[in-house]
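Colleague:
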Amino acid sequence: MGESILNNKRILAVDDEPDVLETLEEHLEDFEGLIFDTAQDYETGYHLLRSWTYDVVILDIMGVRGFDLLNAAHALGYPAVMLTAHAMTRESLKKSIELGARAFIPKEKMADITQFLEDVLTLNHHRGWLKVFDRLGGFFNKAFGSGWQKSEEAFWDGVISGKDMSEPAILKNSCTTKNLT
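As numbered in this note's numbering, residues 769 to 949 make up the sequence shown, in order.
Laid out in structure tokens, this is it:
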């Protein structure tokens, strides 16, 4: 696929839906030297997090205890991307930010996963979230309703301004490993 920040990276995806993992693999298979590990449950995902060094982890919120895995990934210093359909709420978005996620992507936008992953690997925490809101602001407005940020305006203003975004709020059944080259 030519030069890309995703070449020669190791990525873990944890999702209880095999078709989601297959779709992610299809989007990542052309990157040179990329290793793509998958897990379909919390236990396997947690084991892999502790067993390997990852450049990025992709976590489903529902079904695999995604927030618990986010805590573990963040504690290990791995940037995490939250991928969700059923937990697409402003509360889940806020919690993802507070726990250190670097992006929050609706499954409907999986076709753009490589752009989000490249941003996570090249932008700092604050600039990465600005890019997420730039790309998905309309989607969030449609999903959550216009004015969805008003109920916690100080928090969302802080996210946009970058205040307290240098460090997040916390301290730092099947498994497959595939070399996709």
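Cβ atoms here follow ideal geometry from the backbone N, Cα and C, with glycine treated the same way.
Can the beta-carbon of V888 be found closer than 7 Å to that of A911?
Modeller: Not closer than 7 Å, so no.
Colleague: Taking the beta strand (DSSP E) that D809 falls in, what are its first and last residues?
Modeller: Neither: D809 is in no beta strand (DSSP E) and is coded neither H nor E.
Colleague: Inspect the CB distances between the stretch 798-815 and the stretch 852-866 and report whether three or more fall short of 8 Å.
Modeller: The answer is no - the stretch 852-866 does not touch the stretch 798-815, with fewer than three Cβ pairs under 8 Å.
Colleague: Decide if P847 is buried, meaning its Cβ has at least 16 other Cβ atoms within 10 Å, or exposed.
Modeller: With 16 or more other Cβ atoms within 10 Å, it is buried.
Colleague: Would you identify the three-state DSSP class for P847, choosing helix, strand or coil?
Modeller: It is coil, neither helix nor strand.
Colleague: For T852, count neighbouring C-beta atoms within 10 Å of its own C-beta (all shown protein chains included) and say buried if the count is 16 or more, exposed if not.
Modeller: Its Cβ being crowded by 16 or more others within 10 Å, T852 is buried.
Colleague: Quick check on V782: does DSSP put it in helix, strand or coil?
Modeller: Looking at V782 - three-state DSSP - the assignment turns out to be strand.
Colleague: Cβ atoms of Y822 and R778: under 7 Å apart, would you say?
Modeller: It is a contact, given that the beta carbons lie within the stated cut-off.
Colleague: Under the three-state reduction of DSSP, which class applies to I773: helix, strand or coil?
Modeller: It is coil, neither helix nor strand.
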